[in-house]
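Report on one structure; see the data block that follows.
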Amino acid sequence: MRLDLSLYLITDPDLCGNRDLVETVVAAVRGGVTVVQLRDKHASDAELIDQARRLKAALSGTGVPLIINDRLEVALAAGADGLHIGQDDGDVAKARAALGPEAILGLSVQTHEQMARVDAERLDYLGLGPVFATPSKHDHAEPLGFEGLASLVAASPLPAVAIGGLKAEHVAATRNAGAQGLAVISAICGNPDPEAAARAFRSRH
Ligand code: TZP
Ligand code: MG
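What follows is the structure, given as structure tokens:
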């Protein structure tokens with residue numbers, strides 16, 4: 005599966021409201037989302053595996069990969085296309101060994117110090133941020149702004165997707181900073197019309 009990072013949707017039950025997860029994601033994909041990440045800090049593994057399987061079925065035939073946040077066991081059990089881990093979510097080498105060579109593996113990077121330790125051989129892409137402060141992630145690192153983002157992208161050995169407070173109006177600045185795409189929770193998930201919200205990003209690419 006070729007990895008198109010241009011519009012990377014992250015689902016979060018606290019930010020996607022009470023709407024059906026699968027319907028929200030399918031609508032966003034109709035609007036142009038190119039990657040979907042299932043992120044839920046509270047659900048049990050069993051709940052998450054069930055959600056992942058339903059999402060995977062809904063995405064079948066679209067070419068849009070399903071990536072699981074943090075939970076290696078869930079990614080494996082659900083047959084997801086990949087895993088995204090943070091700096092404190094365990095070992096890249098272990099995740100790659102468990103997932104196999106074909107799976108997509110992404111890592112969050114916030115600083116140049118972390119960038120210098122990136123295991124580019126075992127990873128497919130990096131998530132860089134936050135660009136802006138955002139209520140969507142508690143205790144996030146110091147915001148980078150577009151200058152900080154550009155500086156991290158320049159040092160990145162892998163394609164990068166920017167994250168944190170990004171809206172459709174930020175597509176140009178994000179791409180000018182060198183990132184391949186934008187990762188978004190609230191601007192799509194929290195919009196009453198996720199399809200139109202995704203389309204607004206796509207129309208600026
Ligand atoms: N990592 C850094 S910022 C962030 C994550 C998961 C949250 C992004 O959410 P939003 O609503 O697009 O600002
Ligand atoms: Mg994490």
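Residue 95 in my numbering sits at position 91 of the sequence shown, with consecutive numbering throughout. All residues carry an ideal CB built from backbone N, CA and C; glycine is no exception. The model shown is predicted, which means the values in this text are computed figures rather than measured ones.
A84 and R57 have their C-alpha atoms some 8 Å from each other.
Listed in chain order, the non-local C-beta contacts of V37 below 6 Å within the same chain comprise L11, L13 and A202, local neighbours out to five positions each way being set aside.
One residue after another in chain order, those with a Cβ under 5 Å from a heavy atom of the ligand MG are D74, G90 and D93. Shown here, H46 sits in coil according to DSSP, grouped into three states, outside any helix or strand. DSSP, reduced to helix, strand and coil, places I189 outside both helices and strands of the structure shown, so it counts as coil. With a beta-carbon spacing of about 5 Å, A166 and L132 fall inside the 8 Å limit used to define contacts. Residue environment: N73 is assigned as buried (16 or more neighbouring CB atoms within 10 Å of its CB, all protein chains considered). Inclusion of F150 and A177 in the CB contact set at 7 Å is warranted, their separation being smaller than that value.
Around L103, the same chain offers L76, A79, L80, G86, L87 and L109 as residues with beta carbons nearer than 8 Å, after the five sequence neighbours per side are excluded. Note that the C-beta distance between D16 and R34 is not below 7 Å.
In summary, S48 is exposed, with fewer than 16 beta-carbon neighbours lying within 10 Å of its beta-carbon over all protein chains present. Of the residues S112, A107 and E106, the one whose Cα lies closest to the Cα of D92 is S112.
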